[in-house]
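Enquirer: The structure under discussion is supplied below as structure tokens; questions concerning it will follow.
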Amino acid sequence: MKLRLAHLYPDHMNLYGDRGNVLCLQARCRWRGIDLEVVRLGLGDPFNAAAYDLVFIGGGPDREQVRVAQDLTEVKGRALKEAVEAGVALLAVCGGYQLLGHHYRPAAGPDLPGLGVFDAYTEHPGPAAKRCIGNLVAQRNGMMLVGFENHGGRTYLGPGSTPLATVERGFGNNGRDRTEGACYRNAFGTYLHGSFLPKNHRFTDHLLGIALERRGVRDLLTPLDDTLEERAQVAARKLALEPRKRFPWSDQM
Amino acid sequence: MLRTARLLGAISRRSGRGGGTALPGLLVERVAPGLVSDLSASLPHGNILVTGTNGKTTTARLIAALLQHAGLRVVHNRAGSNLLRGIAAALVQGTAAGNDRGIGLFEVDEATLPAAVGLVRPRLMVLLNLFRDQLDRYGEVDTVAQHWRSALTALPAGSGVVLNADDPFVASLGRGFPGPVTYFGLDDPGAALREREAAADFVECPACRLPYDYTLTFYGHLGHYRCQNCGSGRPEPQVRATSAHNNGPAGTAITVQTPGNTVTVNLPLPGLYNAYNLLAALATGAALQLPEAGAAAAIESVRSAFGRGERFQFEGRPVVMLLIKNPVGANQVLRTIRDEPGDKNVMIALNDLTADGEDISWIWDVDFEQLAGTTGAVVTSGRRAADMALRLKYAGWFETHRRDDAGVTRPTVLPDLEQALRTALYQLPSGATLYLLPTYTAMLALRRILSRLGMVRPFWETEG
Ligand SMILES: [Zn+2]
Numbered sequence: 265m266k267l268r269l270a271h272l273y274p275d276h277m278n279l280y281g282d283r284g285n286v287l288c289l290q291a292r293c294r295w296r297g298i299d300l301e302v303v304r305l306g307l308g309d310p311f312n313a314a315a316y317d318l319v320f321i322g323g324g325p326d327r328e329q330v331r332v333a334q335d336l337t338e339v340k341g342r343a344l345k346e347a348v349e350a351g352v353a354l355l356a357v358c359g360g361y362q363l364l365g366h367h368y369r370p371a372a373g374p375d376l377p378g379l380g381v382f383d384a385y386t387e388h389p390g391p392a393a394k395r396c397i398g399n400l401v402a403q404r405n406g407m408m409l410v411g412f413e414n415h416g417g418r419t420y421l422g423p424g425s426t427p428l429a430t431v432e433r434g435f436g437n438n439g440r441d442r443t444e445g446a447c448y449r450n451a452f453g454t455y456l457h458g459s460f461l462p463k464n465h466r467f468t469d470h471l472l473g474i475a476l477e478r479r480g481v482r483d484l485l486t487p488l489d490d491t492l493e494e495r496a497q498v499a500a501r502k503l504a505l506e507p508r509k510r511f512p513w514s515d516q517m
Numbered sequence: 008m009l010r011t012a013r014l015l016g017a018i019s020r021r022s023g024r025g026g027g028t029a030l031p032g033l034l035v036e037r038v039a040p041g042l043v044s045d046l047s048a049s050l051p052h053g054n055i056l057v058t059g060t061n062g063k064t065t066t067a068r069l070i071a072a073l074l075q076h077a078g079l080r081v082v083h084n085r086a087g088s089n090l091l092r093g094i095a096a097a098l099v100q101g102t103a104a105g106n107d108r109g110i111g112l113f114e115v116d117e118a119t120l121p122a123a124v125g126l127v128r129p130r131l132m133v134l135l136n137l138f139r140d141q142l143d144r145y146g147e148v149d150t151v152a153q154h155w156r157s158a159l160t161a162l163p164a165g166s167g168v169v170l171n172a173d174d175p176f177v178a179s180l181g182r183g184f185p186g187p188v189t190y191f192g193l194d195d196p197g198a199a200l201r202e203r204e205a206a207a208d209f210v211e212c213p214a215c216r217l218p219y220d221y222t223l224t225f226y227g228h229l230g231h232y233r234c235q236n237c238g239s240g241r242p243e244p245q246v247r248a249t250s251a252h253n254n255g256p257a258g259t260a261i262t263v264q265t266p267g268n269t270v271t272v273n274l275p276l277p278g279l280y281n282a283y284n285l286l287a288a289l290a291t292g293a294a295l296q297l298p299e300a301g302a303a304a305a306i307e308s309v310r311s312a313f314g315r316g317e318r319f320q321f322e323g324r325p326v327v328m329l330l331i332k333n334p335v336g337a338n339q340v341l342r343t344i345r346d347e348p349g350d351k352n353v354m355i356a357l358n359d360l361t362a363d364g365e366d367i368s369w370i371w372d373v374d375f376e377q378l379a380g381t382t383g384a385v386v387t388s389g390r391r392a393a394d395m396a397l398r399l400k401y402a403g404w405f406e407t408h409r410r411d412d413a414g415v416t417r418p419t420v421l422p423d424l425e426q427a428l429r430t431a432l433y434q435l436p437s438g439a440t441l442y443l444l445p446t447y448t449a450m451l452a453l454r455r456i457l458s459r460l461g462m463v464r465p466f467w468e469t470e471g
């Protein structure tokens, strides 16, 4: 069995250990005897909607958002939307998630048009506003999601997308409505990194399950020994919920 | 005021609380902000600032050795508390007796550089490298680069800079800089990697916005680079290493050409990253026109900087502690371990306190894969012990791991540092080396535990 993953803009959108998400998908396939081919698609490379079972796009620094936004709308946009409509599993993290909404309004400068995969928009409340930084815990229909968030923009969902999860601790989409991330068909956007997939192995397997199902394969998602994954997830939630204490010198030294 | 600060430093040291290296400085900074400027301005030989993501502490130590060798009295914030209050503390303690040979040498972290420039008005600024590090604390590499550019424009007229020619970010700061620029770089193709590491930041020509072509890559994004479009690229370094040879635990033999001399140094520190630290120190010496005779011997006498390659003995078995704090630095540490002979047990202690970086995602950018299958027992510890174990699992440490009788080896996950250290020491077979790889706050805690076990003295007592 062979699956193909399109890793979009790996050189430009690779903040915060995003590579861990790809390593995780590869390993969990390998452990099940599935061959996952990772195809790196950069600026200017065309995207062939029929060629991929999975799509991943990570977060990037502000300066790269402009070029990636342009490439998304002008080069890959149409085919990528086609793939999403066809039910391809897609995961977009942080900056990548923002660019898949309708627009991103930066702290200064003109709006960046997004691809509109998600019925959502993101606005930066201005250079004086605090970034949303810290551990994030959210619940998705009984599935716990943990990670770290670090974003200046606040994302607001429209009726055409559903939240990925409900925030238990942290900011999530905008720090106000307790939503985190977005879903549309089999496309998922999230502010969770850390990396996201290794510590959220159930969600990882959910993505792989979608990809396998589309290929008509149901029995390859064999259970794995997830003792360490469970332990890391539980520990991350516990640390996220612990009261924050700060001593100016003991911690810094 | 000065007496109060010194007294408080003594009290906090005596009470065993964190060594007291930063507390008096904190008070000075709060109570008399002008004092830092006044004290630093009173040093007759001026001030030097050293910054960079990796290697500040070691480089500052090497520079201090050169300055002392030149007969200067160095006021230095040595204990690794490299924030502004560390500078204040060093000045309060160091400018005490009339000091007509005094020179200030301050390591500052990436984010505090602009503030430090305003306070101490340096005559020379040494910029080592800029890698991604603690994005939650320092912001993106671009933001830090922007801070550095503005810090350079704030330097007093006539001030010089020492820049790493092999780091495109750092080297670009020399273009159009009005004062003297001394570049250092590595010119030994034998030390190059075959391909760039995953942690390397994507680096492109700022004018053309095209990726640089690399003919050589040393580590991270350090190497020999050139823009194929406009031809701009690595500047020719005045201080260059023509060969760097790793002698394992014994350190590194490096031959360096300076404008007036060729010198071979047997640096008692492992790894290519320390070759860069040496180059930065010798370039600083060249910029200040320090005497070159005897410089190699002065540097060879430097002991490993605190936490950056300390060696201990546990019942006759070697224990080596190497600080890890960001992807590029950690990759260098792993490469050093990989190249050392013998059986290796590993303990990695990952904390997520402010000084470590609360965001631990950086471990996914580290190539832990390069040690897969080469280690014996593995212990992970610290507040993020489980995350660390998970990273090692996905790096293949346990799939391709040596098997014991019971089958596949698993990591021992013990968040409590003392329990973990005792376990790791207990598991260490004779003939094997234990590598302790802690993040910053875990290193401080481990050092306290090692000191309690009688293996080291507290670091503020080992300072000379
Ligand atoms: Zn160019």
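Going line by line, the protein sequences match chains A and B.
Numbering-wise, the numbering used here puts 313 at position 49 of the first sequence, and it's gapless, one number per residue.
Numbering-wise, the numbering used here puts 159 at position 152 of the second sequence, and it's gapless, one number per residue.
Where is the CB? At the ideal position from N, CA and C, for every residue including glycine.
What do you reckon, are the CB atoms on A/Leu409 and A/Phe452 nearer than 8 Å?
Expert: Here residue 409 of chain A refers to the residue found at position 145 when the first sequence is read from its first residue. Here residue 452 of chain A refers to the residue found at position 188 when the first sequence is read from its first residue. No, the pair does not count as a contact, with Cβ atoms beyond the cut-off.
Enquirer: May I ask you to verify whether the segment 430-441 of chain A touches the segment 399-407 of chain A, counting CB pairs closer than 8 Å and requiring at least 3?
Expert: Yes: the two stretches touch, three or more of their Cβ pairs being nearer than 8 Å.
Enquirer: Does the beta carbon of B/Ser179 fall short of 7 Å from some heavy atom of ligand 1?
Expert: Here residue 179 of chain B is taken as the residue at index 172 of the second sequence, counted from 1. It does not: the Cβ of B/Ser179 is nowhere closer than 7 Å to a heavy atom of ligand 1.
Enquirer: Over the uninterrupted alpha helix (DSSP H) stretch that includes A/Phe467, give me the two end residues.
Expert: Mapped onto the first sequence, residue 467 of chain A falls at position 203. That run of the alpha helix (DSSP H) goes His465 to Arg478.
Enquirer: I think A/Leu364 touches A/Ala372, with their Cβ atoms under 8 Å apart; what is that distance to the nearest whole Å?
Expert: On the first sequence, position 100 is the one that residue 364 of chain A refers to. On the first sequence, position 108 is the one that residue 372 of chain A refers to. Wrong, their Cβ atoms sit about 22 Å apart, outside the cutoff.
Enquirer: If we ignore side chains and look at the alpha-carbon of each, how far apart do B/Glu147 and B/Val263 end up?
Expert: Translated into the one-based positions of the second sequence, residue 147 of chain B becomes position 140. Translated into the one-based positions of the second sequence, residue 263 of chain B becomes position 256. Answer to the nearest angstrom: the Cα atoms are 33 Å apart.
Enquirer: If you reduce the DSSP assignment to three classes, tell me which class A/Tyr273 lands in.
Expert: On the first sequence, position 9 is the one that residue 273 of chain A refers to. Residue state, collapsed to three classes: coil.
Enquirer: Taking its Cβ as the centre, do 16 or more other Cβ atoms sit within 10 Å of B/Gly349, making it buried, or is it exposed?
Expert: Residue 349 of chain B sits at position 342 when you count from the first residue of the second sequence. Answer is exposed; the Cβ neighbour count stays below 16.
Enquirer: Could you tell me whether the Cβ of A/Arg304 comes closer than 8 Å to any Cβ of chain B?
Expert: On the first sequence, position 40 is the one that residue 304 of chain A refers to. So, not an interface residue.
Enquirer: Quick one: does the C-beta of B/Asn236 sit closer than 7 Å to a heavy atom of ligand 1?
Expert: Against the second sequence, residue 236 of chain B aligns to sequence position 229. At least one heavy atom of ligand 1 is nearer than 7 Å to the Cβ of B/Asn236, so yes.
Enquirer: Please state the DSSP three-state secondary structure of B/Leu56.
Expert: Walking along the second sequence from the start, residue 56 of chain B turns up at place 49. In the structure shown, B/Leu56 sits in a strand (DSSP, three-state: E or B).
Enquirer: Would B/Met354 and B/Ile370 qualify as a contact pair, given that the criterion is a beta-carbon distance under 8 Å?
Expert: By 1-based counting over the second sequence, the position of residue 354 of chain B is 347. By 1-based counting over the second sequence, the position of residue 370 of chain B is 363. Taking 8 Å as the Cβ cut-off, B/Met354 and B/Ile370 do not qualify as a contacting pair.
Enquirer: Name, please, each residue of chain B whose Cβ falls closer than 8 Å to the Cβ of A/Phe412.
Expert: Residue mapping note: residue 412 of chain A aligns to position 148 of the first sequence, counting from 1. Result: Asp143, Glu365, Asp366, Ile367 and Ser368.
Enquirer: Anything in chain A within Cβ reach of B/Lys400, meaning under 7 Å, just list it in chain order.
Expert: Here residue 400 of chain B is taken as the residue at index 393 of the second sequence, counted from 1. Neighbours of B/Lys400 on chain A, chain order: Leu492.
Enquirer: Pull up the distance between the alpha-carbon of B/Val386 and that of A/Thr337, whole angstroms please.
Expert: Position 379 of the second sequence, counting from 1, holds the residue named residue 386 of chain B. Position 73 of the first sequence, counting from 1, holds the residue named residue 337 of chain A. The alpha-carbon atoms of B/Val386 and A/Thr337 are separated by roughly 47 Å.
Enquirer: Once you ignore the five residues that flank A/Gly351 on each side, which residues in its own chain have a CB closer than 7 Å to its CB?
Expert: Residue 351 of chain A sits at position 87 when you count from the first residue of the first sequence. Once the five neighbours on either side are set aside, the close Cβ partners of A/Gly351 are Arg449, Asn450 and Arg478.
Enquirer: Need the endpoints of the alpha helix (DSSP H) that B/His154 sits in, please.
Expert: Residue mapping note: residue 154 of chain B aligns to position 147 of the second sequence, counting from 1. B/His154 -> alpha helix (DSSP H) spans Val148 to Thr160.
Enquirer: I need the boundaries of the alpha helix (DSSP H) containing B/Tyr280, first residue and last residue.
Expert: The sequence position of residue 280 of chain B within the second sequence is 273, counting from 1. Looking at the DSSP string, the run of the alpha helix (DSSP H) that includes B/Tyr280 is Leu279 to Ala294.
Enquirer: Please indicate yes or no: does the CB of B/Ala452 lie closer than 7 Å to some heavy atom of ligand 1?
Expert: Position 445 of the second sequence, counted from the first residue, corresponds to residue 452 of chain B. No; taking the cut-off as 7 Å, the Cβ of B/Ala452 has no heavy atom of ligand 1 nearer than that.
Enquirer: Can you tell me whether B/Arg410 is buried or exposed, with buried defined as 16 or more other CB within 10 angstroms of its CB?
Expert: In the second sequence, the residue the question calls residue 410 of chain B occupies position 403. Low local confidence applies: a pLDDT of 45 at B/Arg410 is under 50, so the model's placement there is unreliable, and no value is given.
Enquirer: For the segment 283-299 of chain A, which residues have a CB atom closer than 7 Å to at least one CB atom of chain B, in sequence order?
Expert: Listed by position, the residues of the segment 283-299 of chain A near chain B (Cβ gap below 7 Å) are Arg283, Gly284, Leu287, Cys288 and Ala291.
Enquirer: Take the Cβ of B/Gly267 as the centre, count every other Cβ of all protein chains shown within 10 Å, and call the residue buried at 16 or more, exposed below.
Expert: Taking the first residue of the second sequence as position 1, residue 267 of chain B is located at position 260. Answer is exposed; the Cβ neighbour count stays below 16.
Enquirer: Can you tell me whether B/Leu341 sits near ligand 1, meaning its C-beta is under 7 Å from at least one heavy atom of the ligand?
Expert: Start at 1 with the first residue of the second sequence, and residue 341 of chain B comes out as number 334. Every heavy atom of ligand 1 is 7 Å or more from the Cβ of B/Leu341, so no.
Enquirer: Rounded to the nearest angstrom, what separates B/Ala379 and B/Asp346 at their Cα positions?
Expert: Position 372 of the second sequence holds residue 379 of chain B. Position 339 of the second sequence holds residue 346 of chain B. Spanning the two alpha carbons is a distance of roughly 13 Å.
Enquirer: So, helix, strand or coil for A/Asp299, using DSSP?
Expert: Residue numbering aside, residue 299 of chain A sits at position 35 when the first sequence is read from its first letter. DSSP places A/Asp299 in strand when its eight states are reduced to three.
Enquirer: Quick one: list the residues of chain B neighbouring A/His415, beta-carbon separation under 8 Å, in chain order.
Expert: Here residue 415 of chain A corresponds to residue number 151 of the first sequence, with the count starting at 1. Here the premise fails: no neighbours, minimum Cβ distance about 11 Å.
Enquirer: Taking the beta carbon of A/Arg294 as the centre, do at least 16 other beta carbons fall within 10 Å, making it buried, or is it exposed?
Expert: Within the first sequence, residue 294 of chain A is the residue found at index 30, counting from 1. Under this definition A/Arg294 is an exposed residue.
Enquirer: Taking 8 Å as the CB-CB cut-off, is B/Val353 touching chain A?
Expert: Taking the first residue of the second sequence as 1, we reach residue 353 of chain B at position 346. No, B/Val353 lies away from the interface with chain A (no Cβ there is under 8 Å from its Cβ).
Enquirer: To be precise: take each residue of the segment 378-405 of chain B, compare its Cβ to all Cβ atoms of chain A, and keep it if any distance is under 7 Å. Which residues remain?
Expert: Against chain A - using a Cβ distance shorter than 7 Å - the residues of the segment 378-405 of chain B are Arg390, Ala393, Asp394, Ala396, Leu397, Lys400 and Tyr401.
Enquirer: Given the structure, does B/Ala164 come close to ligand 1, in the sense that its CB is under 7 Å from one of the ligand's heavy atoms?
Expert: Sequence index remark: in the second sequence, residue 164 of chain B carries index 157 (1-based). Incorrect: B/Ala164 has no Cβ contact closer than 7 Å to ligand 1.
Enquirer: Mind checking who B/Leu223 pairs with in its DSSP beta bridge?
Expert: If you number the second sequence from 1, residue 223 of chain B lands on position 216. Answer is B/His231.
Enquirer: May I ask you to list, following chain order, the residues of the segment 411-443 of chain B that have a beta carbon less than 9 Å from some beta carbon of chain A?
Expert: Those residues of the segment 411-443 of chain B that come within reach of chain A (Cβ to Cβ, closer than 9 Å) are Arg417, Pro418, Val420 and Pro422.
Enquirer: In whole angstroms, what is the alpha-carbon distance linking B/Val115 and B/Phe191?
Expert: On the second sequence, position 108 is the one that residue 115 of chain B refers to. On the second sequence, position 184 is the one that residue 191 of chain B refers to. Whole-angstrom Cα-Cα distance: 20 Å.
Enquirer: Pairing CB atoms from the segment 91-98 of chain B with CB atoms from the segment 61-73 of chain B, are three or more of them under 8 Å?
Expert: No: fewer than three Cβ pairs fall under 8 Å.
Enquirer: Which term fits A/Asp299, buried or exposed, when burial requires 16 or more other beta carbons within 10 angstroms of its beta carbon?
Expert: For the purposes of this step, residue 299 of chain A is taken as the residue at position 35 of the first sequence. Its Cβ having fewer than 16 others within 10 Å, A/Asp299 is exposed.
Enquirer: On a Cα-Cα basis, can you pick out the residue from B/Gly461, B/Ala207, B/Cys212 and B/Ser250 that is closest to B/Arg182?
Expert: For the purposes of this step, residue 182 of chain B is taken as the residue at position 175 of the second sequence. For the residues B/Gly461, B/Ala207, B/Cys212 and B/Ser250, the minimum Cα distance to B/Arg182 belongs to B/Cys212.
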